[in-house]
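Undergrad: Heads up, the sequence shown is in the working numbering, so the first residue is 4 and it goes up one at a time.
From the three backbone atoms N, C-alpha and C, an ideal C-beta is built for every residue, glycine too.
Below is a structure I'd like to ask you about.
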Amino acid sequence: MLPMPIADLQQISDQLAASGERVHVLWQQPGALAFIARGREYRSEFHIDPSDEMMYMIRGEMNL
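And the structure:
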């Protein structure tokens, strides 16, 4: 497995907000995907993946 890249979460978040894009992929390999997403007003993604999933909230509130 490759080493995890160093990422400035604030800078990426600001770039997403400025560009209007919703997702920035940090890295993707077989069995592993890491991305930063903004404005998750809705869950638009659907995937079938046998690997674990984890979400870390950078800012805002998560209403479950």
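Which residue marks the beginning of the alpha helix (DSSP H) containing A21, and which one marks its end?
TA: 12–22
Undergrad: In this structure, how does DSSP classify L29 when only helix, strand and coil are distinguished?
TA: strand
Undergrad: R62 to P8, Cα distance in whole Å?
TA: 21 Å
Undergrad: In the DSSP assignment, the beta strand (DSSP E) including I39 goes from what residue to what residue?
TA: 35–40
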